[in-house]
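Chemist:
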Amino acid sequence: MSGFSDLQVDEDTLAAARGGDPRAQEGIYRSFSGPVYSLALRLLGKRVQAEEVLQDTFVEILSKLGEYRGESPLGFWIRRITLNKCLMFIRSPWYSRSTPLDAMEDGLPADAYSPDRDSNADALINQMALERALACLSQTSRMVVWLHDVEGYTHTEIAAHLGKTNSFSKTRLARAHSQLQALLDDRSITEPCMQLLNNY
Amino acid sequence: MHATVEQLLDLRDRKPVAANTLQHLEVCAACRRQLDQLKALRNSLCNLPSQAPGQDLWPLIQARLEAEHAEKSSPFHRSRTGIAMAASVLLMVSLGLLMIFHFTQETVLRSPPPAVAGTERPAFDAVSVPATDPDPLADTDARLAELMDHSVLLEAALRALPERPGVLRASTAETIMGLEDGVALIDYQLNQEARQPGASNSRLLWQRRVDLLNSLVNVRYAEVQPVAYTRF
C-alpha cells in the first residue's frame, strides 16, 4: 500500500500532536509526507498539483487529528484523506479549466514527473519506462491501476470513489494493463502516448 | 480462443474464473506468459520508489495551521460563531417557510377543486389542462433553475452553520463524510455532463444534489445543536 501501512506513530506523539505540539505534528508530517506525496503524484501526474494536495492533506490531517479514533491504522485514515483530497482536486472547476482535455484523456502532461535520476542505470531505465508509461495513461486509468494494484482497493471501492460501476473499474484496469504492456514493449518510440492514442 | 486480459487479471488476483479458462491456460504458453507479465507489472508498480516533494513544505503547512488556530481562538471568531448560529437559525426558518410556501402552491395547482354538486366530473382538473405548461422543455429548464436555486440556498445554509464540534460521534462523522462524498461525486458527474453535448441527466443529478444537501443540512444542524446550546 505504497508505504502507508508500514509506518506507525506512537501514542505519545499522536496525543501531543492532537494537543497542538508543533514538534509532534512535524514528526507525523515527516513520517507520512512521502506516501502522501507519492500517492498524490501518481494519481494527479504533476508535481505542482501533488505538492498542493500534500499541503491541503496535512492541514486537514493535523487539524482533525482529534477525530481519529484509532479504529483503523493511522496510515489508512491518512490515505483516505489523501485520496479524497485528490478526487476533490480533480473535480474542482479550477482543475478542469487548467488541465487540457488531451491531458485528462490519454497523453503525457507537459510537466509530468520523471523518476529520480540518482538510481543506478538498469533500475533507472525500467523505472523511467514504467513511470513514463504510467504518465501516458488517462487520469482515470492511472487512478484505477494505482488504487487497485498498489493500494489494494477493490473494484467496488474504486467504483464508489469514482461514481462508476464495478465493471467500469474492471474494464479500465484491463485496458490500462494492455496499454502499459504495449508501451513497455516498445520503449524506443519517441512519443509513445501519441502512438498509443491511435491504437485505442 | 485466448484468455482476455480481464480473465487473466482475475487469475492474477486469485478471483474465481471459469473452468475452461483454467484449462486453456494449461495448454496455452502465450496466455501463461501474459499472466506472468501482469504479475511482474504489478510487482514493478509496487516497487516504484517513493517520491519526495521538491522542497520542504512543512514551514508552509505549519504557517497555515497556525493561521487557522489563531483565527479559531480569536474573540472575533467566537462572536462570529454566535452570529453564524443566529444566521443559520434564520436561514433554516426561511427555508422552512419557503418549502411550506412552495408545497402549498403546488398543492393548490395540482389538486382538483371539489366537484360541483350535481355533476359527475370535477369542474376543473388542473393536471390534465396542458395550457398551464405547454412546453415540456421549458418546464425542465424551469425545474433545473429551481433546483439550482435551491442548491445555492442549501449551500448558504451549510456555510452559515457554526464550525463542527471537536468531539462527535463516529457514526455522525461517517454520515457527514458520506454525504459530502456524495455531493462531490454529483459535482464530478455534473462536470462530466457539461462536457457531453446532448446529455440529459442534469435535472436528475441536480435533484440528487439537492436531496443530499438537504440531508447534510439536517445532519449538520442536528450535530451543532448541543454545542450551540452550551455556548449561549
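Protein sequences, first through last, are from chains A and B. Following this note's numbering, the numbering of the first sequence begins with 23 at its first residue and continues without gaps. Following this note's numbering, the numbering of the second sequence begins with 885 at its first residue and continues without gaps. We treat Cβ as the ideally placed atom computed from N, Cα and C, and that holds for glycine.
1. Take every Cβ of the stretch 1023–1030 of chain B, pair it with every Cβ of the stretch 1085–1105 of chain B, and state whether three or more of those distances are shorter than 8 Å.
2. Mind checking if I909 of chain B is an interface residue toward chain A, Cβ cutoff 7 Å exclusive?
3. To be precise: take each residue of the stretch 40–57 of chain A, compare its Cβ to all Cβ atoms of chain B, and keep it if any distance is under 8 Å. Which residues remain?
4. What are the residues in the stretch 945–959 of chain B lying within 8 Å of chain A by C-beta distance?
5. Measuring CB atoms only, is the stretch 931–951 of chain B touching the stretch 909–918 of chain B, in the sense that at least three cross pairs come out at less than 8 Å?
6. Could you run through the stretch 1067–1097 of chain B and flag, in chain order, every residue whose CB is less than 7 Å away from some CB of chain A?
7. Would you please verify whether the beta carbon of V889 of chain B is less than 7 Å from any beta carbon of chain A?
8. Against A936 of chain B, what residues of chain A qualify as contacts under a CB-to-CB distance less than 7 Å, listed in chain order?
9. At what residues does the alpha helix (DSSP H) containing H183 of chain A begin and finish?
10. Among the candidates A:K107, A:K186 and A:R52, whose CA atom is the shortest distance from the CA of S163 of chain A?
11. Output, in sequence order along the chain, the residues in the stretch 898–931 of chain B whose CB is closer than 7 Å to any CB in chain A.
12. Just the chain B side, please: which residues come within less than 8 Å of A157 of chain A by C-beta, in chain order?
13. Quick check: what's the CA-CA separation for L36 of chain A versus L982 of chain B?
14. Measuring straight from C-alpha to C-alpha, what distance separates I1070 of chain B and L96 of chain A?
15. With a CB to CB cut of under 8 Å and the five nearest residues on each side skipped, what residues in its chain are close to L84 of chain A?
16. What runs of the alpha helix (DSSP H), each 4 residues or longer, lie entirely inside the stretch 152–178 of chain A?
17. Can you find a CB in chain A that lies within less than 7 Å of the CB of L1031 of chain B?
18. Quick one, are the C-beta atoms of L63 of chain A and Q935 of chain B less than 7 Å apart?
19. Under three-state DSSP, which class holds E1047 of chain B?
20. Pull out every residue of the stretch 66–84 of chain A whose Cβ sits closer than 7 Å to any Cβ of chain B, in chain order.
21. G97 of chain A lies in the alpha helix (DSSP H); which residues open and close that run?
22. So is L941 of chain B in contact with chain A if we call contact Cβ pairs under 7 Å?
23. Could you name the residues of the same chain whose beta carbon sits closer than 8 Å to that of D124 of chain A, not counting the 5 residues immediately before and after it, in chain order?
24. Please state the DSSP three-state secondary structure of H886 of chain B.
Modeler: Concretely, from the data shown:
1. Segments in contact, yes.
2. The sequence given here places Leu at residue 909 of chain B; Ile does not occur at that position. Taking a beta-carbon distance threshold of 7 Å, L909 of chain B does not count as an interface residue toward chain A.
3. Here the close residues are G42, P44, Q47, E48, Y51, R52, S55, G56 and P57.
4. Cβ contacts with chain A come from I945, Q946, R948, L949, E952 and H953.
5. Under the Cβ criterion (8 Å, minimum of three pairs), the stretch 931–951 of chain B does not count as touching the stretch 909–918 of chain B.
6. Cβ contacts with chain A come from A1068, L1069, D1071, Y1072, Q1073 and N1075.
7. Taking 7 Å as the CB threshold, V889 of chain B lines the interface with chain A.
8. Per Cβ cutoff of 7 Å: G56 and Y59.
9. In this chain, the alpha helix (DSSP H) harbouring H183 of chain A covers H177 to L184.
10. The option with the nearest alpha carbon to S163 of chain A is A:K186.
11. From the stretch 898–931 of chain B, only Q921, L922, L925, R926, S928, L929 and C930 have a Cβ closer than 7 Å to chain A.
12. Contact of A157 of chain A with chain B by beta-carbon distance below 8 Å is absent, the smallest such distance being about 12 Å.
13. When rounded, the distance between both Cα atoms is 47 Å.
14. For I1070 of chain B and L96 of chain A, the distance between alpha carbons rounds to 29 Å.
15. Once the five neighbours on either side are set aside, the close Cβ partners of L84 of chain A are A39, Q47, I50 and Y51.
16. 161–167, all fully within the stretch 152–178 of chain A.
17. The C-beta of L1031 of chain B comes no closer than 7 Å to any C-beta of chain A.
18. Against a cut-off of 7 Å, the Cβ pair of Q935 of chain B and L63 of chain A comes out as a contact.
19. When DSSP states are grouped into helix, strand and coil, E1047 of chain B belongs to the coil group.
20. Legend: CB atoms of the stretch 66–84 of chain A lying less than 7 Å from CB atoms of chain B belong to residues R69, E73, L76, Q77, F80, V81 and L84.
21. Counting along the chain, G97 of chain A sits inside the alpha helix (DSSP H) bounded by residues L96 to R113.
22. It does; some Cβ of chain A falls within 7 Å.
23. With a pLDDT of 41 at D124 of chain A, under the threshold of 50, the modelled position of that residue is not reliable, and no figure is offered here.
24. Three-state DSSP puts H886 of chain B in coil, outside helix and strand.
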